[in-house]
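Novice: Chains A and B are the protein sequences, given in the same order.
Those letters in the first sequence? Residues 2 to 571, per the numbering used here, in order.
Those letters in the second sequence? Residues -11 to 206, per the numbering used here, in order.
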Amino acid sequence: MRVALLIASASLHGGIAMPHIAYLAILPEIVMLGGAILLLAVASLVRSALNVTVITVSTLVISLASLAAALWQFFDVQSHGAYTTLDHAVVLDGFSVLVTVLVASAMALTALVGDGYQRREGLAGPEFNVLAMVSATGAMLMGEANDLVIVFLGLEILSIALYVLAAFNRRRAESGEAALKYFLLGGFSSAIFVYGIALTYGATGTTNLTQIADFLAKNVVVSDGLLLAGLTLLLVGFAFKVAAVPFHMWTPDVYQGSPTPITGFMSAVAKAAGFAALIRVFVSSFGVLRVDWQPIIYALAVVTLLVGAVLALIQTDIKRMLAYSSINHAGFVLLGLEAAGALGKVGARGVSSALYYLFAYTFMAIGSFAIVSVLGGRGDAAHEISNYKGLGKRQPFLALAFAVLLLSQAGAPFTTGFWAKLQVVAAAVDANSVPLAVIAMVSAAVAAFFYLRVVLLMYSPKKFVSDQEGDRLENLDASGDAVASTSAREPLWSGSGRQTALVNELNATLLLESSPETIEVPDEREGDVVNVPVLAVVAIGICIAVTVGFGVFPAPLADFAHKASLLFMP
Amino acid sequence: MTLTLLAAGGATIPDIIVFAVSAAVIIMGAFGVVTSRNPVHAALSLVMTLFGVAVLFIEQDANFLAAVQVIVYAGAIVVLFLFVIMFLGVDRRENIEAEPLVGQRPLALIFVGVAVASLVALLVSSHWVTGAHGVVGPINGSVNPGSPGAPSGEVAQLGKQLFTTYLFAFEATAALLVIAVVGAVVLARRERRDLEKPSVESPDDEPSSDSSEKEVLR
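Take a look at the structure:
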């Protein structure tokens, strides 16, 4: 970036007035992208490959630096107000700051979860984290873009990195399939989006969001077919990114096939960035046309809410279930956007509720997928919902964490999920969309069913075993597994083989001692006790802390989202 | 757009002839891409279409765009296509008669027809802010209509726009190119043998993961 700027200023003899650059406005992006490229360069220059720990730590440092820059932005915006820079291509306001904070935290959490994943799957090299960081940069760009061209570039930077990340684990055929599907459909939707930009440019004479709003405020477009077509095509492009029905077809396959930490990142960041740009473009640029786009959003919200909830019911794979649940969540955010179309305070409330929902969803989604990732086991394949049976006994802490996150997604009280759902529904009621609010609540009730199903499965007792015997066997199984797994990882030495044999013998004797029915129990075991990497525990802990902490004390986060929407610059 | 321009007047007979001929070339080329049995012929038909578009650009005084069109698209991209086709083998025939989804061809035809018809209706009926008056004038003339722009100065105009209005977009494109290169390398790279073995975990990681495991067990 710097080099290009220098060349530009060197060729400045013919009186080109370079636009003023407020570097604070793009500081988080510079930190994130610069850090990613630096990490890549260093890793390729160092002779021996950097180990996973070094890469994770540097990714964490970069993400947290980006987060700190975003917080600096927040204080600047609070004291000096919102402004645009770089010839109005970029806007710094509360809205963009919130999106940046969200993306930077999601990136840090993904680095924590990805560490254990990379070790388990034996993926060396910095590319996993570098691609994720560049993708995060694209998401941040979308949040603060004030020009359709920048929105598009952000979208592409975000997406192209995600296509590659989806295919990252090349030992899984599903991963490649997911990436190809995502790439083809994503490329198609990007083309539609560009077409929308072109038609909008044809109708308004500019791609700048502020100038579009200005043009529409000052001119009455008599034959507005071009403008509406552009608006619709833009909406299709966005709806694909945020996985709103009927543009959701890619979601289950891609979520299922991608490496699980990336699925979490994708669900949180791509959705947040897509919605951020969608809200900014529609509310601030096309606010005048709200009569035209509000009904479309209304219809999208209804089908998204219902299809997401109903199809999630019949899934047998946990990642597919969470994919449909993410579609259902997208419906709730659309509820906020629909309300944002209203004038004045009600509209501001819609924006703030949508932002709040996105923030809450980010932590719930990344936490949930972190747990799924840990439980996926080597090869990242054990994602059948039936594997979760009896998890409450095998790994009580993990099961409890998953239960909390699922209940939060279902909207249980004392979690952010509850407040998020409450806010969007209240915003919809304020905006006089009562039927939509009712549909949302019905869909929340349906959704609660499939979240609770997993929770109940985790805590369901095992068949054929009375409680006491079950406990004893459980412990035995667990210790046997632990020994077996450690010995499998160590190089073969004479002692370990004997040790395993000993354990097997012990197992056998104990089983013989117990009553005849329980002999069947080892076959009934649904899964093994898995290793939980420390960093993943930290990530899950942070997600739980945010989800429950802001659920019990909702005021600070709601205040943050509210401030973000107040500063929102039309 | 050209149609409305022609209708708006100012078009001479040669203009119309050049437009008609290049339009015919473009459409023939496009049909050739879809209908050719031989993939090399399809790629060459694409070159024909791109040349036709370049001629249209010249007719609208967009000389720079025309040159870029020929150099980048006809020159570089189609040659890349040809490379890929040659790599995969020209003589390999795909059975394109088999339909994975029954009835998708007639449906596609109907949808394309409807889309094209509605697009034409849209373009004719809509009010364009850009276009006609911007063709000969400065690029992005609607933003600063006062500045004089000679037809030959378009490269300078483009450069100026690139370093002022679209400076940030220009810089962001750099990030896009970086990610494209990194992504291509990641996907195309061969895995080293030693990574395939199960024992990739370095020994110093073992204690930490074990302790966490015990934590969970308790």
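Virtual Cβ for every residue (Gly too), placed ideally from N, Cα, C.
Every value quoted in this text rests on a predicted model; they were computed, and no experiment measured them.
1) For leucine 503 of chain A, which of helix, strand or coil comes out of DSSP?
2) Roughly how many angstroms lie between the CA atoms of alanine 413 of chain A and tyrosine 183 of chain A, to the nearest whole one?
3) Taking only beta-carbon positions, decide if leucine 44 of chain B is within less than 8 angstroms of chain A.
4) What is the DSSP secondary structure of asparagine 52 of chain A, reduced to helix, strand or coil?
5) Tell me the residue span of the beta strand (DSSP E) that contains tyrosine 389 of chain A.
6) Relative to chain A, which residues along the region 46 to 61 of chain B have a C-beta separation below 8 angstroms, given in chain order?
7) Put leucine 574 of chain A into one of helix, strand or coil per three-state DSSP.
8) With distance defined between alpha-carbon atoms, name the residue in A/Asp225, A/Leu87 and A/Leu186 nearest to threonine 152 of chain B.
9) Can you check whether the C-beta of threonine 417 of chain A is within less than 8 angstroms of a C-beta belonging to chain B?
10) Out of A/Val62, A/Asp318, A/Phe216 and A/Leu399, which has the shortest C-alpha to C-alpha gap to serine 387 of chain A?
11) Are the beta-carbon atoms of alanine 112 of chain A and serine 64 of chain A separated by less than 8 angstroms?
12) Since phenylalanine 146 of chain A sits in a beta bridge, which residues does DSSP pair it with?
13) Compare the C-alpha of valine 60 of chain B against each of B/Gly77, B/Phe75, B/Gly20 and B/Val35 and name the closest.
14) Straight-line CA distance for leucine 163 of chain A to glutamine 396 of chain A?
15) Whose CA, out of A/Val195, A/Gly155 and A/Ala146, lies closest to the CA of glycine 238 of chain A?
16) Taking only beta-carbon atoms, is isoleucine 167 of chain B less than 8 angstroms away from chain A?
17) Starting from threonine 86 of chain A and walking both ways along the beta strand (DSSP E), at which residues does that stretch end?
18) Distance check for leucine 401 of chain A and glycine 393 of chain A, CA to CA, integer angstroms please.
19) Just list the residues that DSSP pairs aspartate 318 of chain A with in beta bridges.
20) Does the Cβ-Cβ distance between leucine 200 of chain A and leucine 234 of chain A come in under 8 angstroms?
21) Between the region 63 to 76 of chain B and chain A, which residues of the former have CB atoms less than 7 angstroms from a CB of the latter, in chain order?
22) Would you be able to state if there are at least three C-beta pairs under 8 angstroms between the region 436 to 451 of chain A and the region 365 to 372 of chain A?
23) Output, in chain order, the set of chain B residues within a Cβ distance shorter than 9 angstroms of alanine 555 of chain A.
24) With 8 angstroms as the threshold, decide whether the Cβ of glycine 171 of chain B is near any Cβ in chain A.
25) Run the CB neighbour count on glycine 117 of chain A, radius 10 Å, all protein chains shown included, and call it buried at 16 or more, exposed below.
26) Using a Cβ cut-off of 8 angstroms, which residues of the region 89 to 105 of chain A contact any Cβ in chain B, in chain order?
27) Short of 8 angstroms in beta carbon distance, which residues of its chain neighbour proline 262 of chain A, apart from the five on each side in sequence? Order them along the chain.
28) If we cut at 8 angstroms on Cβ distances, does methionine 19 of chain A have a partner in chain B?
29) Only counting the same chain, and skipping five residues up and downstream in sequence, which positions put a Cβ closer than 6 angstroms to that of glutamate 47 of chain B?
30) I'd like the span of the alpha helix (DSSP H) that includes arginine 454 of chain A, first residue to last.
31) Between A/Ala105, A/Ser97, A/Leu46 and A/Ala70, which has its C-alpha nearest leucine 61 of chain A's C-alpha?
32) Which one of A/Gln79, A/Phe398, A/Thr416 and A/Ser285 has the shortest CA to CA distance from phenylalanine 364 of chain A?
33) I think phenylalanine 156 of chain B touches alanine 90 of chain A, with their Cβ atoms under 8 angstroms apart; what is that distance to the nearest whole Å?
34) Exposed or buried, which one is serine 45 of chain A when buried takes at least 16 other CB atoms within 10 Å?
35) With 8 angstroms as the limit, tell me which residues of the region 145 to 161 of chain A have their beta carbon closer than that to any beta carbon of chain B; keep them in chain order.
36) Step through the CB atoms of chain E and report whether any lies within less than 8 angstroms of the CB of threonine 305 of chain A.
Specialist: Reading off the structure:
1) Here residue 503 of chain A is taken as the residue at index 502 of the first sequence, counted from 1. With a pLDDT of 45 at leucine 503 of chain A, under the threshold of 50, the modelled position of this residue cannot be trusted, and the question is left open.
2) Position 412 of the first sequence, counting from 1, holds the residue named residue 413 of chain A. Position 182 of the first sequence, counting from 1, holds the residue named residue 183 of chain A. Their backbone Cα atoms lie some 33 angstroms apart in a straight line.
3) Position 56 of the second sequence holds residue 44 of chain B. Chain A contact via Cβ: absent.
4) Start at 1 with the first residue of the first sequence, and residue 52 of chain A comes out as number 51. Coil, per DSSP.
5) If you number the first sequence from 1, residue 389 of chain A lands on position 388. Where tyrosine 389 of chain A is concerned, there is no enclosing beta strand (DSSP E), given that its DSSP letter is neither H nor E.
6) none
7) Absent from the model: residue 574 of chain A. The displayed extent of chain A is 2 to 571, so no value can be given.
8) For the purposes of this step, residue 152 of chain B is taken as residue 164 along the second sequence, with counting starting at 1. Taking only the C-alpha atoms, the option nearest threonine 152 of chain B is A/Leu87.
9) The residue labelled residue 417 of chain A in the question sits at position 416 within the first sequence. Chain B, which has no Cβ nearer than 8 angstroms to the Cβ of threonine 417 of chain A, makes this no.
10) Residue 387 of chain A sits at position 386 when you count from the first residue of the first sequence. Minimum Cα distance to serine 387 of chain A is reached at A/Asp318.
11) The sequence position of residue 112 of chain A within the first sequence is 111, counting from 1. The sequence position of residue 64 of chain A within the first sequence is 63, counting from 1. The answer is yes: Cβ separation under 8 angstroms.
12) The sequence position of residue 146 of chain A within the first sequence is 145, counting from 1. A quick correction: the sequence has alanine, not phenylalanine, at residue 146 of chain A. Beta-bridge pairing links alanine 146 of chain A to A/Val91.
13) The sequence position of residue 60 of chain B within the second sequence is 72, counting from 1. Selected option, being the one with the closest Cα: B/Val35.
14) Residue 163 of chain A sits at position 162 when you count from the first residue of the first sequence. Residue 396 of chain A sits at position 395 when you count from the first residue of the first sequence. Cα to Cα, the separation comes out at about 32 angstroms.
15) By one-based count along the first sequence, residue 238 of chain A stands at place 237. Answer by Cα proximity: A/Val195.
16) Residue 167 of chain B sits at position 179 when you count from the first residue of the second sequence. For isoleucine 167 of chain B, the answer is yes, since a Cβ of chain A falls inside 8 angstroms of its Cβ.
17) Reading the first sequence from its first residue, position 85 is the one you call residue 86 of chain A. Its beta strand (DSSP E) spans residues 84 to 86.
18) Here residue 393 of chain A corresponds to residue number 392 of the first sequence, with the count starting at 1. Here residue 401 of chain A corresponds to residue number 400 of the first sequence, with the count starting at 1. If I take the Cα positions, the gap works out to 7 angstroms.
19) Residue 318 of chain A sits at position 317 when you count from the first residue of the first sequence. In the DSSP output, where bridge partners are listed per residue, aspartate 318 of chain A has A/Glu385.
20) Taking the first sequence and counting its residues from 1, the one referred to as residue 200 of chain A is at position 199. Taking the first sequence and counting its residues from 1, the one referred to as residue 234 of chain A is at position 233. Yes; because the gap between Cβ atoms is below 8 angstroms, this pair is in contact.
21) none
22) Touching, no, given that fewer than three Cβ pairs across the two stretches are closer than 8 angstroms.
23) Sequence index remark: in the first sequence, residue 555 of chain A carries index 554 (1-based). Note that residue 555 of chain A corresponds to proline in the displayed sequence, not to alanine. Under the 9 angstroms cutoff, chain B gives no residues; its nearest Cβ is about 31 angstroms from proline 555 of chain A.
24) Counting from 1 along the second sequence, the entry for residue 171 of chain B is found at position 183. Output row for glycine 171 of chain B: interface = yes.
25) For the purposes of this step, residue 117 of chain A is taken as residue 116 along the first sequence, with counting starting at 1. Buried is the call here.
26) Ala90 and Val91
27) For the purposes of this step, residue 262 of chain A is identified with residue 261 of the first sequence, where counting begins at 1. Hits under 8 angstroms: Thr111, Val114, Gly115, Tyr118, Phe370, Ala371 and Ser374.
28) The sequence position of residue 19 of chain A within the first sequence is 18, counting from 1. Interface residue, yes.
29) Stepping through the second sequence from its first residue, residue 47 of chain B is reached at position 59. Cβ within range, chain order: Val6.
30) As a working note, residue 454 of chain A is residue 453 in the first sequence. Arginine 454 of chain A -> alpha helix (DSSP H) spans 435 to 459.
31) Here residue 61 of chain A corresponds to residue number 60 of the first sequence, with the count starting at 1. Nearest of A/Ala105, A/Ser97, A/Leu46 and A/Ala70 to leucine 61 of chain A, Cα basis: A/Ala105.
32) Translated into the one-based positions of the first sequence, residue 364 of chain A becomes position 363. Taking only the C-alpha atoms, the option nearest phenylalanine 364 of chain A is A/Thr416.
33) The residue given as residue 156 of chain B occupies position 168 in the second sequence. The residue given as residue 90 of chain A occupies position 89 in the first sequence. Rounded, the Cβ-Cβ distance is 4 angstroms, consistent with contact.
34) The count along the first sequence starts at 1 and reaches residue 45 of chain A at position 44. Classification for serine 45 of chain A: exposed.
35) Asp148, Val150, Ile151, Leu154, Gly155, Glu157, Ile158 and Ile161
36) The chain labelled as chain E is not found among the protein chains of the depicted structure, namely A and B.
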